[in-house]
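Take a look at the structure set out below.
There are 2 protein chains.
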Amino acid sequence: MRIGELARRVGTTTRTLRYYESRGLLPARRDGNGYRTYGEDDVRLLEQIRTLQDFGFELEETRPFVECLRSGHPAGDSCPASVAVYRRKLGELDALIGELTSVRAQVGAELARAEEAMAGLAADAGAAPDGPEPRCELRGTG
Amino acid sequence: MRIGELARRVGTTTRTLRYYESRGLLPARRDGNGYRTYGEDDVRLLEQIRTLQDFGFELEETRPFVECLRSGHPAGDSCPASVAVYRRKLGELDALIGELTSVRAQVGAELARAEEAMAGLAADAGAAPDGPEPRCELRGTG
DNA sequence: CCTGGCGTTGACGCCGACGTCAAGGATTAC
DNA sequence: GTAATCCTTGACGTCGGCGTCAACGCCAGG
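Sequences listed follow chains A and B, in order. So that you can map any letter, position 70 of the first sequence is 70 in UniProt numbering, and since no number is skipped, the others follow by simple counting. So that you can map any letter, position 10 of the second sequence is 10 in UniProt numbering, and since no number is skipped, the others follow by simple counting.
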């Protein structure tokens, strides 16, 4: 199998496969013309990489999985190094979700506050809630 | 106030302030030497930007808040456009948190599966759970 | 006068994962 | 034969928010 067919089979581009090769993942044999040649193992290897990429793993983080597969394991996550990456990622995900949840709460609070303030101003001035603009046109445009 | 002092007061760098100016946020008057000159309004404006940046807003998303402040409003979020950005951001945050939560669940499941498989293999072969390596050395290193 | 510390503009560097184009050689279809 | 399609390498572009360096101007202290 050559690079174009492999790319089609895993739903990516030849550029991506060459990039993976340049990073040391996905090595390729060459035929007489210098064309890259791949086998079924490479399909599995790429599917592993794509799955992790879809999870938001960086390419470097997929390396233990790739090396695990290449060393003969049936699955990329059958090696301790891969499991360690899983664990690290879980921690990062938890931390990130926690931060985002905190930010979400703060933004929600700011939104509520702003809406209340605008409603209060609208009530005070008797203006429409959608267009308070005291002197909202920018003077410095020219 | 000149650029260095302003940067120190809001806890950022002069590079950042010049960058904001180049993006059309934070305009500056100049004194006789061509030095940028700022006032207290600019401190508030920058604090608004930094707060939003800390929330993960892109610079472009802070523009409505900045224009709101510059148009004379007491707060950057007293304008409908700013409130709209808040709402949009809440939606993005919810979507992102949802995706990350889903990914976290999938990664957690994969981790559990991998750990169970490794434990099963270790029991089958009587090997240590930390070093299964059937033929783990990479052959293609040289 | 020299040094040091502020200011100015311009321009390149960084990161990650590729996209895209260039210029050529090989293969395949008709 | 020839056109279309595939392959090769190399190199620059993308995006955001600056960092960092270069080369220079302005001013105060000793």
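Glycine is no exception: its CB is placed at the ideal position from the N, C-alpha and C atoms. This structure is a prediction, so every number in the text was calculated from the model and none was measured.
Residue i to residue j span [Cα, whole Å]
i: B:GLN53; j: B:LEU100; result: 21 Å
i: B:THR37; j: B:ALA28; result: 6 Å
i: B:ARG44; j: B:GLY98; result: 34 Å
i: B:ARG63; j: B:SER102; result: 32 Å
i: A:ARG70; j: A:PHE57; result: 19 Å
i: B:LEU46; j: B:VAL10; result: 7 Å
i: B:VAL107; j: A:VAL66; result: 17 Å
i: A:GLU92; j: A:GLU61; result: 13 Å
i: A:ALA95; j: B:GLU40; result: 36 Å
i: A:LYS89; j: B:ALA112; result: 14 Å
i: A:ALA75; j: B:GLY120; result: 14 Å
i: residue 144 of chain A; j: A:ALA81; result: Missing from the structure shown is residue 144 of chain A; chain A here goes from 1 to 142 and no further.
i: B:ASN33; j: B:THR51; result: 32 Å
i: A:PHE55; j: B:ALA114; result: 16 Å
i: B:ARG15; j: A:ARG15; result: 36 Å
Nearest-angstrom Cβ-Cβ length linking residue i and residue j, presumed shorter than 8 Å
i: A:GLU116; j: B:TYR86; result: Contact doesn't hold; Cβ gap of about 13 Å is too wide.
Bounding residues of the alpha helix (DSSP H) (the contiguous stretch that carries residue i)
i: B:PRO64; result: 59-70
i: A:LEU46; result: 40-54
i: B:GLY34; result: Neither: B:GLY34 is in no alpha helix (DSSP H) and is coded neither H nor E.
i: A:SER78; result: Element bounds for A:SER78: n/a, residue is neither H nor E.
i: A:GLY4; result: 3-10
i: A:LEU25; result: Segment: none, A:LEU25 is in no alpha helix (DSSP H) and carries neither H nor E.
Same chain, Cβ closer than 6 Å to residue i, five either side skipped, listed in chain order
i: A:LEU17; result: ILE3, ALA7
i: B:THR13; result: ALA7
i: B:MET1; result: TYR38
Cutoff 8 Å; reference residue i; Cβ partners in own chain excluding five residues on either side
i: A:LEU59; result: TYR20, ARG23, LEU25, ILE49, GLN53
i: B:HIS73; result: CYS79
i: A:CYS68; result: ALA75, GLY76, ASP77, SER78, CYS79, ALA81, SER82
7 Å Cβ shell around residue i - same chain, five flanking residues per side excluded
i: B:ARG30; result: ARG36, THR37
i: B:VAL83; result: ASP77
i: A:ASP42; result: LEU6, LEU26
Any non-hydrogen atom of the ligand HEM closer than 6 Å to residue i Cβ
i: A:ARG8; result: The ligand HEM is not part of the structure shown, which contains no ligands of any sort.
>> Please identify, using Cβ separations under 8 Å, the residues of the region 79-110 of chain B that lie next to chain A, in order along the chain.
In response: Taking 8 Å as the Cβ-Cβ cut-off, the region 79-110 of chain B approaches chain A at CYS79, PRO80, SER82, VAL83, TYR86, ARG87, LYS89, LEU90, LEU93, ASP94, LEU96, ILE97, LEU100, THR101, VAL103, ARG104, GLN106, VAL107, GLY108, GLU110, given in chain order.
> Using Cβ-Cβ distances below 7 Å, what residues of the UniProt domain "HTH merR-type" (1-68) of chain B are close to chain A?
Replying inline: Of all residues in the UniProt domain "HTH merR-type" (1-68) of chain B, those with a C-beta nearer than 7 Å to a C-beta of chain A are PRO27, PHE55, GLY56, GLU67, reading in chain order.
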